[in-house]
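Asks:
Protein chains in written order, with the UniProt record's numbering: chain A, 1 to 288; chain B, 1 to 288; chain C, 1 to 288; chain D, 1 to 288.
1) Taking DSSP as the reference, what is the three-state secondary structure of residue 57/A?
2) Is residue 192/C helix, strand or coil when you go by DSSP?
3) Between the region 167-179 of chain A and the region 216-224 of chain A, do at least 3 Cβ pairs fall closer than 8 Å?
4) Once you ignore the five residues that flank residue 18/D on each side, which residues in its own chain have a CB closer than 6 Å to its CB?
5) Going by alpha carbons, who is nearest to residue 40/D out of 58/D, 205/D, 80/D, 29/D?
6) By the three-class DSSP mapping on this structure, what secondary structure does residue 93/B have?
7) Output yes if chain C places a C-beta closer than 8 Å to the C-beta of residue 164/B; else output no.
8) Would residue 159/C be called buried (16 or more neighbouring beta carbons within 10 Å of its own) or exposed?
9) Flag residue 200/C as yes if its beta-carbon sits less than 8 Å from any beta-carbon of chain B, otherwise no.
10) Excluding sequence positions up to five away, which residues of its chain have a Cβ less than 7 Å from the Cβ of residue 97/D?
11) Beta-carbon of residue 206/D versus every beta-carbon of chain B: anything under 8 Å?
12) State yes or no: is the beta carbon of residue 228/A nearer than 8 Å to at least one beta carbon in chain D?
13) Do the region 198-215 of chain C and the region 205-216 of chain A meet, that is, are 3 or more Cβ pairs less than 8 Å apart?
14) So with Cβ pairs under 8 Å, would you call residue 194/C a contact of chain B?
15) Hey, residue 216/B and residue 182/B are a contact pair by Cβ (cut 8 Å); roughly how many whole angstroms apart?
16) Quick test of your reading: residue 196/A and residue 55/D, contact by CB under 8 Å. State the CB separation rounded to the nearest angstrom.
17) Locate the alpha helix (DSSP H) running through residue 166/C, then write down its first and last residues.
18) Using C-beta distances below 8 Å, list every residue in its chain close to residue 240/B, excluding the 5 sequence neighbours before and after it, in chain order.
19) I believe residue 201/D touches residue 236/D by the beta-carbon criterion, under 8 Å. Please report the beta-carbon distance rounded to the nearest angstrom.
20) Measure the C-alpha to C-alpha separation of residue 89/A and residue 169/A and round it to an integer number of angstroms.
21) My understanding is that residue 49/C touches residue 25/C, with C-beta atoms under 8 Å, so please give their C-beta distance in whole angstroms.
22) Cα separation between residue 188/C and residue 199/C?
23) Against chain D, which members of the region 94-112 of chain C pass a CB distance test of less than 8 Å?
24) Which residues in chain A sit within 8 Å of residue 49/D, going by Cβ to Cβ distance?
25) Considering only their Cβ atoms, is the gap separating residue 194/C from residue 227/B smaller than 8 Å?
26) Does residue 179/C have its Cβ less than 8 Å from a Cβ in chain D?
27) Take the Cβ of residue 71/D as the centre, count every other Cβ of all protein chains shown within 10 Å, and call the residue buried at 16 or more, exposed below.
28) Our contact map puts residue 106/D next to residue 77/D with C-beta atoms below 8 Å; I'd like the distance itself, whole angstroms only.
29) Residue 183/B versus chain F: which residues are under 7 Å apart at the beta carbon?
30) Suppose you measure from the CA of residue 204/A to the CA of residue 20/B; what does that come to, to the nearest Å?
31) Name the chain C residues that come within less than 7 Å of residue 210/A, Cβ to Cβ?
32) Taking only beta-carbon positions, decide if residue 238/D is within less than 8 Å of chain A.
33) Pick helix, strand or coil for residue 223/A, following the three-state DSSP scheme.
34) Using a threshold of 8 Å, state whether the C-beta atoms of residue 109/D and residue 131/D are closer than that.
35) Considering only the beta carbon of each residue, do residue 32/B and residue 22/B sit closer than 8 Å?
36) Count the other CB atoms, across all protein chains shown, that sit within 10 Å of the CB of residue 212/C; report buried if there are 16 or more and exposed otherwise.
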């Protein structure tokens, strides 16, 4: 098995296991791409079946059909899991990896349901059934276009965390004040501080269900102030993520050049001298 | 008909058909512009009539008037369609083009209604009547200012597709969890996973109708997390489209020049040398 | 009255009329600034009185007090209007200007109410009373900080118009489809196309009152598509206005230099040659 | 006590009071950091207790437990407050500072409740109890990551104030019009101008509770116009704050250099000559 290094060009003599590994885990050959597309459709189909099972009108009339499809998808995913376990070299590492566990959880529930048909296990069965919904995470195997989105969110992660903490602090104080103002009355939704905070989040994010709404004059004034505050604050994450995406999409990237004298990073592409200490920067050819 | 090439200056000797073609299909003469404006008003009027026909209080008292206007607009649009068919050279290509079909669908329903006055065709009639609403698409003939909007959305199309897919994945998982938490209770709106996903979309887009809202404590906590997540995620499309529009509106466009030496794309307009390899770039006059 | 030119420095010998004109119409002396501040507070107070008059619980118990304040404000504004008419030179031009009409409408309603105490004029009285609310526009006399906001909105005016037209077209088509799907049913809010379009606007702007909401499966799917579309489209005005404000706030303005050869406008500050035709641009000193 | 200057390196001989001051008020040693972390958790715990006390189902069954925790936190915060008062040099200045008052208010309510157990002081007790909620502000002692957020909001403060004033003016006029149109009818929520303005704020911020919604045709048209306006206006704070954050995050800062000849401000970092008058700019080293 000395020919196992991936960049090897002549694949004619590859053993079956090796070729399957290429098809299942990589996406560089036409066979591997076809496998990816087929699997994506299978996942989408299996998710649709789980969804429809929860719709009463559909479930009553097409129970057998859904059951059949469910078993079809389960068997296909079982074959896929078995193949993955067979062809992968570090079996244990795969089995304990995130996608390994997701792949296992995609097939286990259907088998477990056979043993749990007693009436006492209804909730367990429902949880198991819905666990199959997480097959959607299997799609992560086959998606690489979402990288820019992930990197933009990652870059602004710590700033969004601070922002969310600030929002929670505002919501806590506002929720407490609203509970104080509206709390004592009958027929109001502000029955406790956590409930008032839930209302605060519904309001500051501009969702506004309307299941809880202020009824007193002072409560309405406070709510108005909070909405207008939220209106200004909503601009903060937009600014953060927007700036990151703008940098991501912009064709002019900042220089990666570092000043040899003062270690300053991030120079303008047309700068010849460090803007922080004035010493000569390395030429543009050096940063390629 | 050798004078049919459009840039011909002397239009005095043009035959009627040629002159009509100019007026109907182009917008470069005062006659053609007047035709465009009249047609835009006719379309707006005909749409208004279709709308008012659906309002019961108006329809009962002004049925004859609306009927009259409807036939007036239909006859005018029929004349327009006939003229277009007469003057256009590639008749078949126009008839099967997008706007050709829209133009035909704008007149057909009114005529078809004559044959469908029986009581059994009520739904067909209603669909036909509303089909005339799509005359709004005829306006596309006469709009060119919306180009910047279309190009900004087109440029960010693939990124928005990835973003919408990510939102759907989040909504699927959240909807499943909410169905699990809230689903078993009486009087709750979370009756199935698709229903929960509908609630998830209503929530994450901050629309928040309030027809479905969580009632349990865990459900409310999960919904709060989802709203705050949506609050951060709403910044993503804003960042994407905003960055594209900013580029579109910005007077400083990035160069489309490519370095002949290292193939680096995206130079500053004031750069004379490639910032990646230092070789001379083609002059700005070459990229005009 | 040859000393009436404003930049005259010695104001000691100015007649009263001249000095009042300075105080009332300009804001460059301490007296004029004090006048502005007092007037702003009077306007705010008079608006508060109009508002409180509509609140039943307040109006019943404090009718006389509100009446008194109303007459106080009306007399003060009458004095202000008389002074303005006296000191201004082009009396007719002021009387017919926007702020001249607003100033007159701020005092007329209270006087007219004396003659309209008959029971038959109730609606006219209410309209007149509320007309005084527009005194808020008088504040426009005294606000100059909002210029950046106005200029940012003005610069993006035509683009926002195109955007709003596109939104209306989408809402028309969506509203028609929703009326088709949900319209026939009992208990649904989609009773006509205009009503469905109202729902469409409530939905696409993410306001989401919940007074009208889809109840059928297809209606919910269509509404979901519309919400997600709106989620992407909401980024468009943000991008447009955001880009304008960014340019407004940015310390680096684009050059106002115009190429003498090809009339190209909007060069990079560091460009020496026209990027469109290559001819030499005027030096930076020329554009000061 | 001549060794009290903070940058002194040898802390071995420091008296206890000095060392405690370091731990409590600074964050530069491992002991001080541990103190910060412990205090953050104590604050979070005490807030949770105050919240849970307002939830009836929890309070009824775990009253004693919550009472116990409440006293535990109060005693710990009392010790903290005493230590702070002991180690700080300018005792009076700390006691009257913002955080000094917050620290005192965090412990007082629990003690005051002992004397206010009579049935006549129920509201006072509730207010006192909830006052402890503001312990969340104590977290401000220990947070420094939120600086970028504060500075971005501060930089756009005056612009946001102008924006909020403009929104209030729009809401006043819209609210008055809606009261005029919808006010006379039965069963409508527009009972007064302030109420209509509350609805206006709920609508323009796209919160949309739905507790008040227009019912007349003209009211719905006006509300639609308002929503679409708000849709365009929501972009304004996003643009303002977004631009500030973008500048904050951007590696390329605009120059603060001012031309000595013509006072022009805001040069490109790579400019060596003033773009307005052509005279030599101070070198980049001068602006460091």
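Virtual Cβ for every residue (Gly too), placed ideally from N, Cα, C. Computed from a predicted model, the values in this text were never measured in an experiment.
Replies: Once the coordinates are examined:
1) Residue mapping note: residue 57/A aligns to position 57 of the first chain, counting from 1. Looking at residue 57/A - three-state DSSP - the assignment turns out to be helix.
2) Position 192 of the third chain, counted from the first residue, corresponds to residue 192/C. Coil, per DSSP.
3) yes
4) As a working mapping, residue 18/D is identified with position 18 in the fourth chain. The answer is none, since no qualifying residue turns up.
5) Residue 40/D sits at position 40 when you count from the first residue of the fourth chain. The shortest C-alpha separation from residue 40/D is found at 80/D.
6) For the purposes of this step, residue 93/B is taken as residue 93 along the second chain, with counting starting at 1. Note: residue 93/B maps to helix in three-state DSSP.
7) On the second chain, residue 164/B is found 164 positions in, with the first residue counted as 1. Output row for residue 164/B: interface = yes.
8) Taking the third chain and counting its residues from 1, the one referred to as residue 159/C is at position 159. Looking at its Cβ environment, which holds 16 or more other Cβ atoms inside 10 Å, residue 159/C is buried.
9) By one-based count along the third chain, residue 200/C stands at place 200. With 8 Å as the cut-off, residue 200/C does not count as an interface residue toward chain B.
10) Here residue 97/D corresponds to residue number 97 of the fourth chain, with the count starting at 1. Same-chain partners within the cutoff: there are none.
11) On the fourth chain, residue 206/D is found 206 positions in, with the first residue counted as 1. At least one chain B Cβ lies under 8 Å of residue 206/D.
12) Counting from one through the first chain, the residue named residue 228/A turns up at place 228. Cβ-Cβ to chain D under 8 Å: yes for residue 228/A.
13) yes
14) Working through the third chain from its first residue, we reach residue 194/C at position 194. Residue 194/C counts as touching chain B.
15) Taking the first residue of the second chain as position 1, residue 216/B is located at position 216. Taking the first residue of the second chain as position 1, residue 182/B is located at position 182. Between residue 182/B and residue 216/B the Cβ distance is about 6 Å, and since that is below 8 Å, they are a contact.
16) If you number the first chain from 1, residue 196/A lands on position 196. If you number the fourth chain from 1, residue 55/D lands on position 55. Contact flag wrong, Cβ pair sits at about 11 Å.
17) Position 166 of the third chain, counting from 1, holds the residue named residue 166/C. Residues 157-182.
18) Counted from its first residue, the second chain places residue 240/B at position 240. Counting only Cβ-Cβ distances below 8 Å, and skipping sequence neighbours, we find 156, 159, 160, 163.
19) Within the fourth chain, residue 201/D is the residue found at index 201, counting from 1. Within the fourth chain, residue 236/D is the residue found at index 236, counting from 1. Not a contact, Cβ separation roughly 16 Å.
20) Here residue 89/A is taken as the residue at index 89 of the first chain, counted from 1. Here residue 169/A is taken as the residue at index 169 of the first chain, counted from 1. Straight-line Cα distance between these residues: approximately 50 Å.
21) Here residue 49/C refers to the residue found at position 49 of the third chain. Here residue 25/C refers to the residue found at position 25 of the third chain. About 26 Å; that fails the 8 Å criterion.
22) Along the third chain, one-based indexing puts residue 188/C at 188. Along the third chain, one-based indexing puts residue 199/C at 199. Answer to the nearest angstrom: the Cα atoms are 12 Å apart.
23) none
24) Stepping through the fourth chain from its first residue, residue 49/D is reached at position 49. Within chain A, no residue comes near residue 49/D; the closest Cβ sits about 11 Å away, beyond 8 Å.
25) Within the second chain, the letter at position 227 stands for residue 227/B. Within the third chain, the letter at position 194 stands for residue 194/C. Taking 8 Å as the Cβ cut-off, residue 227/B and residue 194/C do not qualify as a contacting pair.
26) Counting from one through the third chain, the residue named residue 179/C turns up at place 179. False, the Cβ-Cβ gap to chain D never drops below 8 Å.
27) Position 71 of the fourth chain, counting from 1, holds the residue named residue 71/D. Residue 71/D is exposed by the Cβ-count criterion.
28) By one-based count along the fourth chain, residue 106/D stands at place 106. By one-based count along the fourth chain, residue 77/D stands at place 77. Contact holds; Cβ gap of about 5 Å.
29) As a matter of chain content, chain F is missing from the structure shown, whose protein chains are A, B, C and D.
30) Taking the first chain and counting its residues from 1, one reaches residue 204/A at position 204. Taking the second chain and counting its residues from 1, one reaches residue 20/B at position 20. Taking the straight line from one Cα to the other gives about 58 Å.
31) Residue 210/A sits at position 210 when you count from the first residue of the first chain. Within chain C, the residues near residue 210/A are 210.
32) Along the fourth chain, read from residue 1 onward, the residue named residue 238/D stands at position 238. Yes, its Cβ sits closer than 8 Å to a Cβ of chain A.
33) As a first step, residue 223/A must be located in the first chain, where it is residue number 223. If DSSP states are grouped into helix, strand and coil, residue 223/A belongs with the helices.
34) In the fourth chain, residue 109/D corresponds to position 109, counting from 1. In the fourth chain, residue 131/D corresponds to position 131, counting from 1. Result yes, Cβ atoms of residue 109/D and residue 131/D sit closer than 8 Å.
35) For the purposes of this step, residue 32/B is taken as residue 32 along the second chain, with counting starting at 1. For the purposes of this step, residue 22/B is taken as residue 22 along the second chain, with counting starting at 1. Closer than 8 Å, so yes.
36) Counting from 1 along the third chain, the entry for residue 212/C is found at position 212. Looking at its Cβ environment, which holds 16 or more other Cβ atoms inside 10 Å, residue 212/C is buried.
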